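J.: Residue numbers (my numbering), protein chains in the order written: chain C, -2 to 351; chain D, -2 to 351. C-beta: ideal position from N, C-alpha, C; glycine also. Quick caveat, the model's predicted, so the values are computed rather than measured. The structure that follows is given in the form of structure tokens.
Number of protein chains: 2
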Amino acid sequence: MRKTSKLSEVAKIAGVSPITASRAIRGVGYVSESARARIMEAAAQLNYTPDMLARRMRGDKSNLIGVFVNNYGSLVLHEVTRAISTEARARGYDILLFNAERFDSPARAGTVDMLSKLCDGLLLVMPNGADGYLDVLEQHRMPCVLVHYDARPVNLPVMALENRNGARMAVEHLLALGHRRIAFLAGTSATGQSAEREKGYKDALRAAGIRADASLIVGGAFNQAAGHAAAQQLLALNRPPTAIFAANDEMAYGAIDAIHSRGMKVPGDISVIGFDDIPLSSHVFPPLTTMRQPLAELAARAVGDVVTMAQGGTVPPERVPFAMELVIRQSTGPAATAGAGQAADSAEPADGNV
Amino acid sequence: MRKTSKLSEVAKIAGVSPITASRAIRGVGYVSESARARIMEAAAQLNYTPDMLARRMRGDKSNLIGVFVNNYGSLVLHEVTRAISTEARARGYDILLFNAERFDSPARAGTVDMLSKLCDGLLLVMPNGADGYLDVLEQHRMPCVLVHYDARPVNLPVMALENRNGARMAVEHLLALGHRRIAFLAGTSATGQSAEREKGYKDALRAAGIRADASLIVGGAFNQAAGHAAAQQLLALNRPPTAIFAANDEMAYGAIDAIHSRGMKVPGDISVIGFDDIPLSSHVFPPLTTMRQPLAELAARAVGDVVTMAQGGTVPPERVPFAMELVIRQSTGPAATAGAGQAADSAEPADGNV
DNA sequence: TTGAAAGCGCTAACAA
DNA sequence: TTGTTAGCGCTTTCAA
């Protein structure tokens, strides 16, 4: 029993031809009761399972949705994937997660190609706008939806956060607290999301009559280490900011660490606001004020759309925007006096987190 | 160019037979220089990529390692997967992540089967000991390694944490701080890990001459919600514990929340220690004391072993143990007085987290 | 140096 | 109701 049994073996035992066995097993077409019984018994005895690879090579459905990502490490990505997975299973599809780093890299080309053949549809999560694979996909008739993408237009359905508007809301929250020197911690440029968030940041400053200060925009990657490094750089300025808007929650964590390790307090000395609202943000210290993304709705729509396409339906290649919501916790507070160079007064850590 | 081009098309353009084209493209066997040149040009022109599905159906390598998991949601799992991914790529393999919930569920059977055919090797992360698929794998000659599994013996290589010993160390830390009423927050029974940790918990108590109190062992799942619920139950006891050992970090977070929302302090009123040391544990409040697992080494060994098997080597079907290390942060402190029913004195929150 | 035949496991289309 | 033929895209004999 070490090797998988094949249809022809089942057929031989049942004393029929392979195609008859195939029919019986799939429950398609005419098969006499007696033959069916014999076949099913033989199949059970041999522990037969159809070879989906072979089926798929013929062009049949696999009921699999490929989720292509560029970075296993990210926590937001983890949340997005989880939401997608839940949604897909609810619709009878399973998820195959593949980390390509870059879909058009020659080393992955074959695999990417194979997986797109294997899967009924594809979800590209946070794809790199510079990735040539996007163009390939436009041309293929492969059902495909982009998620968390806000870069150059692509002729495919795109689920995008309202990055610009959300960022603007975040900065407006800071402005309302009296902050004037507000820094922006930028992420990577890959998906275009960071650039949009930066635009929103500038929108808010402009509307408040504040000139953007180039030295207050730093960053480089959507992770903790980058947030930490960027915050350190900001804290070393002659006139450090009194508030920081991080392009995502993970960067915010890093910034908070950097502030703490300088002996300063959040939000007493510096306020920090993030973006995404991953579940952990209510558990870090201090609980993070951030912009929440409607993860469940976004995943539902994304999966719904690929499934529709996979089943032959049509989905317009439009950008579908999802609104962000401000979640106020305890990492933001009123602006202190002027420059927050030295540890000033400590503020209200408030009560425990839920 | 919408459909993928096939070898026969390349061959036709180059004016050779498919098999010759195949040879040229794979760089195998004799092909005249002129033919080779024509073929390569045709391939480039058609943007040809070999169909790995077809190749694989003939039994060729895919350079893919399938990682089967039961639960996308878990944070530990996320860390494990990330480590595995890094390690695999370093060895020239890519990872295909599949969430089966239960590998032997009839609904997944076909997919699981196909994926095991598709991949050169399999890594089962935190598999369910009750899963019949484990038996199937024993019989297949499929290269396969279990990771984070500590249940019934299986005739396959298993990477296992020193769950029992690690748990004992955790509880000993609590004992050394003067705690006598120590609770255990159990996880799910699926992988056997929780049961082993519970044994270690009892070992430590026994060695300290303390009788285990059944009412102090509660739990049910390896997540925050379960930790929260379990802690609430403990806090409602007539004589609540002064310290809690959670079967993993996520449960510990939940427990800390429950304690906080009762208006009590950690570790002032109750100490909490976790298990795993996921990166976030140094960022929660208070920074979590926990047992660190040697993630990188474990992943390296796991991947190394499947790869060895995939390449024809042999790996003994042994349990490979990995030692845990106590990481003391700020969620554990000296036991207060007797019963910690009411909020007693607040303790040392110490300085900021790194 | 090249190609024809055969087959991986399965099933649609077309007989019988 | 059952079976034969043919083919998905590729590559390993074996022969030319």
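Return the residue from the list Thr46(C), Gly24(C), Tyr198(C), Ala11(C) that minimises the CA-CA distance to Ala32(C).
T.: One-based indexing of the first sequence puts residue 32(C) at position 35. The shortest Cα separation from Ala32(C) among Thr46(C), Gly24(C), Tyr198(C), Ala11(C) belongs to Ala11(C).
J.: Check Thr17(D) in the structure and name its three-state DSSP category.
T.: As a position in the second sequence, residue 17(D) is number 20, starting the count at 1. Helix at Thr17(D).
J.: Using the Cα positions of Val142(D) and Gly56(D), report the straight-line distance between them to the nearest angstrom.
T.: Counted from its first residue, the second sequence places residue 142(D) at position 145. Counted from its first residue, the second sequence places residue 56(D) at position 59. Straight-line Cα distance between these residues: approximately 21 Å.
J.: According to the Cβ coordinates, are Gln290(D) and Asp274(D) closer than 8 Å?
T.: On the second sequence, residue 290(D) is found 293 positions in, with the first residue counted as 1. On the second sequence, residue 274(D) is found 277 positions in, with the first residue counted as 1. Contact flag set, yes.
J.: At the level of alpha carbons, what is the spacing between Ser212(C) and Ile179(C)?
T.: Counting from 1 along the first sequence, the entry for residue 212(C) is found at position 215. Counting from 1 along the first sequence, the entry for residue 179(C) is found at position 182. One C-alpha to the other measures close to 11 Å.
J.: Compile a chain-ordered list of the residues in the region 50 to 83 of chain C whose CB is closer than 7 Å to at least one CB of chain D.
T.: Listed in sequence order: Leu50, Ala51, Arg53, Met54, Leu61, Tyr69, Gly70, His75, Thr78, Arg79, Ser82.
J.: Could you name the residues of the same chain whose beta carbon sits closer than 7 Å to that of Arg259(D), not counting the 5 residues immediately before and after it, in chain order?
T.: Counted from its first residue, the second sequence places residue 259(D) at position 262. Around Arg259(D): Leu232.
J.: Can you tell me the Cα-Cα spacing of Gly160(C) and Ile325(C), whole angstroms?
T.: Position 163 of the first sequence, counted from the start, is the residue given in the question as residue 160(C). Position 328 of the first sequence, counted from the start, is the residue given in the question as residue 325(C). A small correction: the amino acid at residue 160(C) is Asn; Gly does not occupy that position in the sequence shown. Asn160(C) and Ile325(C): Cα-Cα distance of roughly 18 Å.
J.: Can you list the residues of chain D that Ala106(C) reaches, using a CB-CB cut of under 8 Å?
T.: Your numbering for residue 106(C) matches position 109 in the first sequence. Near Ala106(C) (Cβ distances below 8 Å), the residues of chain D are Thr46.
J.: DSSP three-state label for Ile81(C), please.
T.: Here the question's residue 81(C) lines up with position 84 in the first sequence. The answer is helix: DSSP assigns Ile81(C) an H, G or I state.
J.: To test your reading of the DSSP string, which unbroken beta strand (DSSP E) runs of 3 or more residues are found completely within the region 273 to 317 of chain D?
T.: Entirely contained in the region 273 to 317 of chain D, the beta strand (DSSP E) runs reaching 3 residues are, in chain order, 287 to 289.
J.: Are there 16 or more other CB atoms within 10 angstroms of the CB of Gly136(D), so buried, or fewer, so exposed?
T.: Counting from one through the second sequence, the residue named residue 136(D) turns up at place 139. The sequence shown places Gln at residue 136(D), not Gly. Exposed, since its Cβ has fewer than 16 Cβ neighbours within 10 Å.
J.: Output, in chain order, the set of chain C residues within a Cβ distance shorter than 8 Å of Val25(D).
T.: For this step, residue 25(D) is matched to residue 28 along the second sequence. What Val25(D) touches in chain C: nothing, since even the nearest Cβ is about 16 Å away.
J.: Looking at the strands, I want to know which residues DSSP matches up with Phe319(D).
T.: By one-based count along the second sequence, residue 319(D) stands at place 322. According to DSSP, which records beta bridges pairwise, Phe319(D) is partnered with Leu158(D).
J.: Using a beta-carbon distance below 8 Å, is Phe282(D) in contact with chain C?
T.: Taking the second sequence and counting its residues from 1, one reaches residue 282(D) at position 285. At least one chain C Cβ lies under 8 Å of Phe282(D).
J.: Can you tell which of Gly310(C), Pro154(C), Leu292(C), Asp117(C) has the C-alpha that lies nearest to the C-alpha of Phe356(C)?
T.: Residue 356(C) lies beyond the stretch modelled for chain C, which goes from -2 to 351, so this question has no answer here.
J.: Under 8 Å between the Cβ atoms of Gly265(D) and His225(D)?
T.: The residue you call residue 265(D) lines up with position 268 of the second sequence. The residue you call residue 225(D) lines up with position 228 of the second sequence. Result no, Cβ atoms of Gly265(D) and His225(D) do not sit closer than 8 Å.
J.: Determine which residues of the region 108 to 141 of chain D have a Cβ less than 7 Å from any Cβ of chain C, and write them out in chain order.
T.: Hits within the stretch, in order: Thr108, Asp110, Met111, Lys114, Leu115, Gln136, His137, Arg138.
J.: Is the Cβ-Cβ distance between Phe282(D) and Ala244(D) less than 8 Å?
T.: Translated into positions along the second sequence, residue 282(D) becomes position 285. Translated into positions along the second sequence, residue 244(D) becomes position 247. For Phe282(D) and Ala244(D), no; Cβs fall outside 8 Å.
J.: Taking just the CA atoms, how far does Leu171(D) sit from Pro47(D)?
T.: To locate residue 47(D), count along the second sequence from 1; it is residue 50. To locate residue 171(D), count along the second sequence from 1; it is residue 174. Looking at the two C-alpha atoms, the distance is approximately 59 Å.
J.: Do Val312(D) and Pro103(D) come within 8 Å of each other at the CB atom, strictly closer than that value?
T.: Here residue 103(D) refers to the residue found at position 106 of the second sequence. Here residue 312(D) refers to the residue found at position 315 of the second sequence. No. Outside cutoff.
J.: Just to confirm, are Val144(D) and Val77(D) a CB contact at a threshold of 8 Å?
T.: Position 147 of the second sequence, counting from 1, holds the residue named residue 144(D). Position 80 of the second sequence, counting from 1, holds the residue named residue 77(D). In this structure, Val77(D) lies closer than 8 Å to Val144(D) by Cβ.
J.: On a CA-only basis, which of Val317(D), Glu38(D), Ser328(D), Arg298(D) is nearest Ser278(D)? Give me that one, please.
T.: Counted from its first residue, the second sequence places residue 278(D) at position 281. Checked all of Val317(D), Glu38(D), Ser328(D), Arg298(D); the closest Cα to Ser278(D) is Ser328(D).
J.: In chain order, which continuous runs of the alpha helix (DSSP H) of length 4 or greater are located wholly inside the region 170 to 258 of chain D?
T.: Whole alpha helix (DSSP H) segments, 4+ residues: 190 to 204, 221 to 232, 246 to 258.
J.: Apart from the five residues on each side of it in sequence, which residues of its chain come closer than 8 Å, Cβ to Cβ, to Ala332(D)?
T.: Numbered from its first residue, the second sequence carries residue 332(D) at position 335. Cβ neighbours of Ala332(D) beyond the five flanking positions: Leu174, Gly175, His176, Arg177, Thr239, Ala240, Ser268.
J.: Can you find the residues in the same chain that come closer than 8 Å, C-beta to C-beta, to Met288(D), ignoring five residues on each side of it along the sequence?
T.: Here residue 288(D) refers to the residue found at position 291 when the second sequence is read from its first residue. If we look at Met288(D) and ignore the five residues flanking it on each side, its Cβ neighbours are Gly163, Ala164, Met166, Ala167, Ile270, Gly271, Phe272, Asp273, Asp274, Met321, Glu322, Leu323, Val324.
J.: Please name the residue or residues paired with Leu134(D) in a DSSP beta bridge.
T.: The residue you call residue 134(D) lines up with position 137 of the second sequence. Paired residues: none, contrary to the question.
J.: Excluding sequence positions up to five away, which residues of its chain have a Cβ less than 7 Å from the Cβ of Val7(D)?
T.: Translated into positions along the second sequence, residue 7(D) becomes position 10. Here the set comprises Ala18, Ile36, Ala39, Ala40, Leu43, Tyr45.
J.: Is there a C-beta anywhere in chain C that falls below 8 Å from the one on Asp91(D)?
T.: On the second sequence, position 94 is the one that residue 91(D) refers to. At least one chain C Cβ lies under 8 Å of Asp91(D).
J.: For chain D, is any of its Cβ atoms less than 8 Å away from the one on Asn220(C)?
T.: Position 223 of the first sequence, counted from the start, is the residue given in the question as residue 220(C). Taking Cβ atoms only, chain D never reaches closer than 8 Å to Asn220(C), which makes this a no.
J.: Check the Cβ-Cβ distances between Glu345(C) and every residue of chain D, and say whether any is below 8 Å.
T.: Stepping through the first sequence from its first residue, residue 345(C) is reached at position 348. Since pLDDT at Glu345(C) reaches only 39, below the 50 mark, its modelled position is unreliable, and the value read off the structure follows with that caveat. Chain D contact via Cβ: absent.
J.: At which residues does the beta strand (DSSP E) containing Gly63(C) begin and terminate?
T.: Counting from 1 along the first sequence, the entry for residue 63(C) is found at position 66. Its beta strand (DSSP E) spans residues 61 to 66.
J.: Does any residue of chain C have a CB that is nearer than 8 Å to the CB of Asn96(D)?
T.: Reading the second sequence from its first residue, position 99 is the one you call residue 96(D). Taking Cβ atoms only, chain C reaches closer than 8 Å to Asn96(D), which makes this a yes.
J.: Within the same chain, show all residues whose beta-carbon is closer than 6 Å to that of Gly126(D), passing over the 5 residues directly before and after it, in chain order.
T.: One-based indexing of the second sequence puts residue 126(D) at position 129. Cβ neighbours of Gly126(D) beyond the five flanking positions: Ala148, Arg149, Gly189.
J.: Run through DSSP, which three-state label would Asp147(C) get?
T.: If you number the first sequence from 1, residue 147(C) lands on position 150. Asp147(C): coil per DSSP, three-state reduction.
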